[in-house]
Every structure is written in C-alpha cells, then in structure tokens.
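Residue numbers (this note's numbering), protein chains in the order written: chain B, 1 to 317; chain U, 1 to 317.
The C-beta atom is built at its ideal place from N, Cα and C for all residues, glycine as well.
This report concerns only the one structure given below.
Number of protein chains: 2
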Amino acid sequence: MATLEDIAKVAHVSKMTVSRAINHPELVRDELKTSIFSAMHELNYRPNVAAKALVNNKTQVIKFFVLEDIDITEPYYMKLLVGIAEYLAKYQYSLQLMTDEHLDIGVSDGYIITGMRDEDYDWIKRLELPVVLFGENRWHFDFVDTNNEMGTQLATRYALEQGYDRVVFIGIDVKEPFEYSRENGYIQVMQENQRMPEIHRFANHSHLAMDFIEATWSRITPNTCFICASDRLAFGIQKGILQMSPEIATDYGVIGFDGVFLDQVATPQLTTVEQPMYELGEACAELLLRKIKDNHYPLEERLLQPKLKIGGSTRKK
Amino acid sequence: MATLEDIAKVAHVSKMTVSRAINHPELVRDELKTSIFSAMHELNYRPNVAAKALVNNKTQVIKFFVLEDIDITEPYYMKLLVGIAEYLAKYQYSLQLMTDEHLDIGVSDGYIITGMRDEDYDWIKRLELPVVLFGENRWHFDFVDTNNEMGTQLATRYALEQGYDRVVFIGIDVKEPFEYSRENGYIQVMQENQRMPEIHRFANHSHLAMDFIEATWSRITPNTCFICASDRLAFGIQKGILQMSPEIATDYGVIGFDGVFLDQVATPQLTTVEQPMYELGEACAELLLRKIKDNHYPLEERLLQPKLKIGGSTRKK
DNA sequence: AAGATTGCTGTTACCGCTAACAAGATTTAC
DNA sequence: GTAAATCTTGTTAGCGGTAACAGCAATCTT
Numbered sequence: 001m002a003t004l005e006d007i008a009k010v011a012h013v014s015k016m017t018v019s020r021a022i023n024h025p026e027l028v029r030d031e032l033k034t035s036i037f038s039a040m041h042e043l044n045y046r047p048n049v050a051a052k053a054l055v056n057n058k059t060q061v062i063k064f065f066v067l068e069d070i071d072i073t074e075p076y077y078m079k080l081l082v083g084i085a086e087y088l089a090k091y092q093y094s095l096q097l098m099t100d101e102h103l104d105i106g107v108s109d110g111y112i113i114t115g116m117r118d119e120d121y122d123w124i125k126r127l128e129l130p131v132v133l134f135g136e137n138r139w140h141f142d143f144v145d146t147n148n149e150m151g152t153q154l155a156t157r158y159a160l161e162q163g164y165d166r167v168v169f170i171g172i173d174v175k176e177p178f179e180y181s182r183e184n185g186y187i188q189v190m191q192e193n194q195r196m197p198e199i200h201r202f203a204n205h206s207h208l209a210m211d212f213i214e215a216t217w218s219r220i221t222p223n224t225c226f227i228c229a230s231d232r233l234a235f236g237i238q239k240g241i242l243q244m245s246p247e248i249a250t251d252y253g254v255i256g257f258d259g260v261f262l263d264q265v266a267t268p269q270l271t272t273v274e275q276p277m278y279e280l281g282e283a284c285a286e287l288l289l290r291k292i293k294d295n296h297y298p299l300e301e302r303l304l305q306p307k308l309k310i311g312g313s314t315r316k317k
Numbered sequence: 001m002a003t004l005e006d007i008a009k010v011a012h013v014s015k016m017t018v019s020r021a022i023n024h025p026e027l028v029r030d031e032l033k034t035s036i037f038s039a040m041h042e043l044n045y046r047p048n049v050a051a052k053a054l055v056n057n058k059t060q061v062i063k064f065f066v067l068e069d070i071d072i073t074e075p076y077y078m079k080l081l082v083g084i085a086e087y088l089a090k091y092q093y094s095l096q097l098m099t100d101e102h103l104d105i106g107v108s109d110g111y112i113i114t115g116m117r118d119e120d121y122d123w124i125k126r127l128e129l130p131v132v133l134f135g136e137n138r139w140h141f142d143f144v145d146t147n148n149e150m151g152t153q154l155a156t157r158y159a160l161e162q163g164y165d166r167v168v169f170i171g172i173d174v175k176e177p178f179e180y181s182r183e184n185g186y187i188q189v190m191q192e193n194q195r196m197p198e199i200h201r202f203a204n205h206s207h208l209a210m211d212f213i214e215a216t217w218s219r220i221t222p223n224t225c226f227i228c229a230s231d232r233l234a235f236g237i238q239k240g241i242l243q244m245s246p247e248i249a250t251d252y253g254v255i256g257f258d259g260v261f262l263d264q265v266a267t268p269q270l271t272t273v274e275q276p277m278y279e280l281g282e283a284c285a286e287l288l289l290r291k292i293k294d295n296h297y298p299l300e301e302r303l304l305q306p307k308l309k310i311g312g313s314t315r316k317k
C-alpha cells in the first residue's frame with residue numbers, strides 16, 4: 001500500500017507537501033498539485049486512516065444508537081443505516097452500532113441516536129462529543145427528521161382531492177413531537193377546507209386499529225378516508241375494513257405513514273407518506289461530520305420532505 | 001485519555017511492560033501485573049485503537065456487503081447486522097456497510113458478505129483479505145448459516161405430529177444451496193414417515209403463493225399443511241386460504257421460514273422456523289476475527305440451529 | 001565456579017501522518 | 001535599495017502503540 005512518502009518520491013517533493021496537497025491545497029502551487037495527484041493516481045494511493053486518526057486524536061468511528069426495541073422496528077432502520085454508513089464510508093469513517101447505551105465500550109468521534117425515550121435525554125445531554133438525533137425532539141439537540149407536518153398535509157389534501165366525505169386521523173397514542181406534528185398537518189388542512197377534524201389514538205399496534213374498525217363499524221360511513229400516523233395502524237385499519245367489506249378501494253380510503261416495507265406487504269398496497277430513509281441517513285451523517293469538524297456549528301434542525309406514494313388503498317379519482 | 005505512558009508512570013514501570021502486561025501477560029511478573037492493572041483501572045485506561053491499528057498494519061474495520069436488493073430484504077438483515085456490530089465492537093472493530101461492491105473506497109481487515117448471486121463469486125474469490133459469507137454456498141468459502149435442513153425437518157415433523165393428512169412443500173424457485181437444504185429436510189422427514197413428498201416452487205413473492213392457492217383451490221383438500229421455504233411465501237399461502245375459507249387454523253396449516261418480522265404481521269401469526277439472526281451475526285463476526293488473527297485457520301462451515309416458533313397458523317393438537 | 005540458560009524489564013526505532021516551525025525565494029512597501 | 005511581508009516548501013518532532021533487541025539477575029549445568 002502506497003504511503004505519502006512513496007507519492008512524494010514519484011512527484012519529487014517532500015511528503016509534507018503531499019499531505020498539504022490533500023488537506024490544504026490552497027497552500028500548494030498548482031503545478032506541484034498536478035504532479036502529486038497524478039502520482040497518487042498512478043500508485044493508487046489510499047490514506048492510512050489509522051495514522052491520520054492517531055495524529056489528529058480522532059477515531060474515525062461514529063456510534064449509532066438504536067434505543068428502541070429492535071424487534072418491533074427492524075425494517076424501519078435498515079435503510080437509514082445504509083444511508084448513514086455509505087455517507088460515512090465516503091469520508092473514511094466507520095460505524096459502531098449499539099442497541100444499549102450500557103455496552104458503550106470503545107471511543108468514537110460522535111453519536112447518532114434514534115428511538116429516544118424521555119429518560120434517555122438525561123444521559124444524552126451528558127455526552128461530551130457531537131450528537132445528532134434522528135427524530136424531532138423538544139430538547140434543543142440537533143436533529144434530522146422527515147417533515148412530519150408536511151407529510152400529513154400531503155395525505156390529507158390528497159384524501160380531500162379524491163373526494164372522500166369524511167377524513168379521520170388515526171394517531172399514535174404517545175406524547176412525542178413527531179406525533180404532534182403529524183396531527184397538526186392533518187388539522188391544518190382540515191381547517192383550511194372548513195372540515196371538522198376527527199382524531200382517534202391508539203398504541204402503535206395494527207390489531208388495535210383493526211379492533212377499532214370492527215367495534216365501531218356501524219358508525220363508519222362509506223366514503224371515509226383514514227389518515228394514519230403509521231403504516232402499522234394503516235395496516236390494521238385496512239385489515240379491519242377488508243374484514244367488514246371487501247370494497248375498500250372504492251368505498252373507503254386508508255393512507256399510512258412511513259413507506260417502509262409494511263406498505264408493500266399489505267394487499268392492496270397502502271397509499272402512504274414515504275419517508276426518504278436513505279437520504280435521512282445521509283443527512284444525519286453529514287450533519288454530524290460537519291459538527292465534528294466545526295465545534296461551533298450552530299444548532300440545526302433538518303427536515304426532509306416526504307413524498308406521497310400512491311397505492312391501492314385509496315381510490316383514484 | 002490515559003495512555004500507556006501514564007499507566008507506566010503510576011505503576012513505576014516502562015510503557016513496554018504495560019503493553020506486555022496487556023498482550024503477553026505470561027512475560028510479566030505477577031506482582032507488576034497487579035499494580036499495572038490497578039493503575040489501568042484507576043486511570044480508566046482505554047487503548048488507542050488508531051495507534052494499535054497503525055503499528056499492526058491493520059484497520060480495525062470490517063466491511064459488510066449486502067448484495068441483495070435491500071428494499072426487498074430490509075427486515076431480514078437488521079438483526080444480523082446488530083449481532084455482527086455488537087460482537088465487533090467488543091473487540092474494537094468497527095463496520096462499514098456497503099450495498100454495492102463498486103463503492104468499495106477504503107480499506108479493511110476482512111469482509112462479511114451476504115446476498116451473493118452466482119456472478120458475485122467471481123470477485124469474491126479474488127479478495128485478498130479474510131472473508132466469511134452469510135449463507136450456504138458450494139464454492140468452499142467459510143460460511144455461517146442456519147441449519148436449513150434441520151429447519152424444515154422440524155417444521156415437517158411438527159406438521160405430521162399435528163395430524164395433517166397432506167403436507168406440501170412450497171419452495172423458492174432458485175438454484176441455491178439453502179433452498180436445496182430446505183427441500184431435503186422436508187423430503188427426508190416425509191420419507192421417514194412413508195409419505196409422498198409434494199413440492200411446488202415460486203419466485204419469492206407472496207402474491208404468487210396466493211395466486212397458486214386461488215387457482216388450485218378445488219384440489220386443496222382440508223387438513224393440508226403447507227411447509228414454506230420463506231415467511232413471504234407462507235404469508236401468501238395464508239392470505240390465499242383466508243380468502244377462500246376463514247377457517248385456516250383448524251382446517252389448514254401454514255408454516256413459514258425466517259421468523260423475521262413478517263411472521264408477526266400476519267394474522268394469525270405464522271408458525272415459522274425462526275432463524276437465530278442475532279447469533280448468526282455474532283458467529284459471522286467471531287469466525288472472521290478468528291481468521292484475521294490466524295490466517296491458516298481451516299475452512300469452517302458453521303450451522304446454527306433454528307427453532308420452531310408456534311403461531312396461530314397451525315392447529316394445536 | 002565459570003559459562004550457559006532462563007526470566008524479566010528497559011531502550012530504541014518505527015508504523016503513516018500532520019502541526020509547528022524554519023528557511024529560502026519572491027514580492028511589496030516606502 | 002533595503003527591510004518587511006508573503007508565498008511556498010522542507011525539516012523536525014510527536015501522536016500511542018509494539019517488535020526486536022539489549023541488558024542484567026537469578027538459576028542451571030557440568
């Protein structure tokens with residue numbers, strides 16, 4: 001494996017100049033840079049990450065904590081993780097994945113954390129390295145998330161455009177910012193259209209949503225669309241309706257939220273608000289690396305735009 | 001952060017002796033070791049991974065390639081990944097996750113690869129670092145996998161014990177060792193019990209299995225159990241049967257294979273052959289680290305035992 | 001009892017890279 | 001025209017570890 005020294009010999013300069021050509025190119029004559037870069041290319045130079053890390057007192061490692069129960073959330077985080085990992089790899093960072101803060105053995109340059117419960121903010125705020133959270137929060141940590149409000153706005157508007165008479169929101173029964181945002185998006189669009197909001201909330205389990213449909217079926221008029229705060233709930237609503245009447249796509253509508261795996265498993269496939277998981281992962285990584293480089297980087301809350309993915313669970317006008 | 005030098009001062013030895021106490025304890029007097037370890041404890045010593053990596057000409061990075069389309073397989077690999085990552089972290093390795101062999105930028109100490117297609121073995125065999133594959137293969141690479149044969153044996157035996165008259169195998173239409181093993185397990189148990197095997201194969205999509213049920217429903221007698229090569233197919237079979245008759249758990253049986261997410265989404269939950277994904281991940285990592293340490297380590301093919309997870313898609317005797 | 005062997009610890013050099021400083025050449029200032 | 005400022009490159013030292021070797025007692029041979 002070629003080192004700076006090898007490049008230096010071929011380009012007839014000192015290895016310091018090579019190092020500078022990489023890290024502070026503005027300090028090196030263009031002429032030299034040309035021959036240095038061509039030597040690097042010729043010798044297929046790969047920087048030695050360990051040496052760089054040692055001298056910079058960095059680790060080139062990022063820790064990713066998934067604090068939520070992974071059995072339940074499995075599909076959700078895989079693409080996020082890929083986004084994070086591939087972005088990091090580009091900058092020669094690697095990853096340690098942890099599902100429990102207690103087995104935090106080694107050291108790293110920063111943290112990406114997701115699935116926080118209220119009690120977690122306690123130790124998170126004591127961390128001494130840069131942190132980026134995945135998911136809205138009210139504690140003034142940098143975060144990246146889907147624009148949840150916009151997501152339910154898109155969904156609600158679409159439902160109204162398709163001509164559903166009644167548009168009901170099925171929320172998740174948690175006091176989390178993401179849930180408030182999703183409810184807000186729905187409420188706003190309803191009010192803009194002089195419609196009365198109607199919200200029901202359940203723990204995020206499909207069978208609860210299904211039970212709700214079965215229990216209240218007599219009061220659920222045709223031409224109703226359910227805007228759900230998760231695909232899981234949407235899945236349950238859809239199942240409940242199918243159980244009661246096989247005519248879902250025409251008489252009823254269901255819109256989910258997430259667009260991760262479950263929407264495709266449903267029959268018909270769910271119309272859903274798709275979160276750009278891969279891009280969210282990249283954004284987490286990018287923001288974190290920026291904070292590592294510049295430790296006065298101001299607080300940033302980055303919201304990426306979701307997309308409405310039309311499936312068969314809503315009528316086509 | 002304390003260094004070897006700091007420990008050395010406190011313990012009144014040279015830093016070399018401290019290094020030895022860690023890596024070759026048999027060369028250091030017990031007396032010194034005691035005071036060295038207590039100094040390490042006192043100063044909360046953490047080895048500097050970069051320094052170690054530099055001097056050993058290692059990277060402390062493992063690459064994990066997921067070559068399969070991640071959209072389809074998302075849930076499947078998450079727990080495997082957690083198993084790999086947590087095991088690696090214990091030994092101060094970190095991870096780079098790649099979904100495409102071409103964006104292989106940096107360097108690493110070894111590879112874990114999964115989702116290989118036939119054409120991939122070409123470049124895999126040219127890799128110059130230790131490799132462990134996740135998944136049976138016929139090319140004499142070290143691998144870790146579930147004992148697929150045992151999985152379908154468990155399933156088939158269970159189906160027979162529950163008294164199903166007809167036990168049919170629904171396979172995945174690929175020429176892969178894992179599929180042959182699963183079919184073999186089924187065939188063996190059928191023959192042991194003087195039953196005639198009956199196998200149908202489809203691409204691994206639930207709707208194909210569902211269509212199959214609908215198309216051949218007239219010939220599907222009650223008291224039949226379907227042993228499926230994946231939860232995806234089982235999910236489709238179950239849906240098909242539910243469409244035709246709501247009495248699945250009593251008149252028919254469905255057993256899946258994987259036990260990853262999808263089995264829990266089904267209603268009723270699928271009886272399935274559960275792969276120990278977390279442990280498989282750990283095993284991949286362990287085997288790889290062993291091969292990195294000892295490059296004459298002999299070829300190893302490690303099969304972990306699956307478990308039958310009883311759900312509501314089969315009758316209880 | 002002298003030389004050889006063993007057991008344990010310290011010294012040196014180096015892994016590949018970069019910050020800090022040194023130093024020469026060129027330009028600018030007055 | 002000379003001192004100062006600027007630009008560009010090289011030299012040195014050190015990041016935190018470990019292998020290789022050196023050195024010195026204690027023990028073993030014969």
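Counting only Cβ-Cβ distances below 8 Å, Leu262 (chain U) has contacts in chain B at Val265, in chain order.
Rounded to whole angstroms, the separation of the alpha carbons of Glu119 (chain U) and Gly256 (chain B) is 38 Å. Boundaries of the beta strand (DSSP E) around Lys307 (chain U): 307 to 309. Taking the Cα positions, His24 (chain U) is about 11 Å away from Lys33 (chain U).
Among the residues facing chain B, Val131 (chain U) is not included, as its CB has no counterpart in that chain under 8 Å away. Flagged as an interface residue toward chain B: Leu54 (chain U), by a C-beta distance shorter than 8 Å. Restricting attention to alpha helix (DSSP H) runs no shorter than 4 residues, the stretch 29 to 76 of chain U encloses them at 30 to 42, 49 to 56, ordered along the chain. Using a Cβ-Cβ distance cut-off of 8 Å, the stretch 143 to 158 of chain U and the stretch 204 to 215 of chain U are not in contact, since fewer than three pairs of beta carbons, one from each stretch, lie closer than that value.
Measuring C-alpha to C-alpha distances from Glu68 (chain B) to each of B:Gly115, B:Arg290, B:Gln305, B:Asp231 identifies B:Gly115 as the nearest. Pro246 (chain U) counts as exposed, since fewer than 16 other C-beta atoms from the protein chains shown sit within 10 angstroms of its C-beta.
Considering only beta carbons, the part of the stretch 75 to 101 of chain U lying closer than 9 Å to chain B consists of Pro75, Tyr76, Tyr77, Met78, Lys79, Leu81, Val82, Ile84, Ala85, Glu86, Leu88, Ala89, Lys90, Gln92, Tyr93, Ser94, Leu95, Gln96, Leu97, Met98, Thr99, Asp100, in chain order. Beta-bridge analysis with DSSP links Gly256 (chain B) to B:Thr272. The C-beta separation of Ala234 (chain B) from Val254 (chain B) comes to about 5 Å, placing the pair in contact by the 8 Å criterion. Residues Ile84, Ile112, Val132, Phe134, Val144 of the same chain have their beta carbon placed closer than 6 Å to that of Cys284 (chain U), with the five preceding and five following residues left out of the count. Cβ contact annotation for Val49 (chain U) (same chain, cutoff 7 Å, sequence separation greater than five): Gln60, Gln92, in chain order. If you draw a 10 Å sphere on the C-beta of Lys317 (chain B), you find fewer than 16 other C-beta atoms in it, and that means exposed.
Using beta-carbon distances, Gly110 (chain U) does not count as an interface residue toward chain B, since no partner is under 8 Å. At a cut-off of 8 Å between beta carbons, Lys9 (chain U) makes no contact with chain B.
Under DSSP, the beta-bridge partners assigned to Thr224 (chain U) are U:Arg166, U:Tyr252. With contacts defined by Cβ atoms closer than 8 Å, Ser313 (chain B) and Gln269 (chain B) form a contacting pair.
Around the beta carbon of Arg29 (chain B), a 10 Å sphere encloses fewer than 16 other beta carbons of the protein chains shown; the residue is thus reported as exposed. From the beta-carbon of Val107 (chain U), the residues of chain B found nearer than 8 Å are Met1, Arg46, Val49. Chain-ordered, the chain B residues with CB closer than 9 Å to the CB of Lys239 (chain U) read Thr267. Contact annotation, Leu43 (chain B) with Ala2 (chain B): C-beta distance approximately 4 Å; criterion of less than 8 Å satisfied. With respect to Leu80 (chain B), Leu287 (chain B) sits apart: the two C-beta atoms are not nearer than 8 Å. Runs of beta strand (DSSP E) with 3 or more residues, each lying fully within the stretch 86 to 147 of chain U, are found at 94 to 98, 110 to 114, 131 to 134, 143 to 146, listed in chain order. At the C-beta level, Tyr180 (chain U) and Ile227 (chain U) stay beyond 8 Å of one another. Contact note: Val61 (chain B) reaches chain U through Ser94, using a C-beta cutoff of 7 Å and chain order. Listed as beta-bridge partners of His200 (chain U) by DSSP are U:Ile170. The residue among B:Glu86, B:Val273, B:Leu262, B:Cys225 with its C-alpha nearest the C-alpha of Ile72 (chain B) is B:Leu262. In the three-state DSSP reduction, Arg315 (chain U) falls in the coil class, being neither helix nor strand. Excluding residues up to 5 positions away in sequence, nothing lies with its Cβ nearer than 7 Å to the Cβ of Lys52 (chain B) in the same chain. Contact annotation for Ile70 (chain B) against chain U: Met78, Lys79, Val82 [CB-CB distance below 7 Å, chain order].
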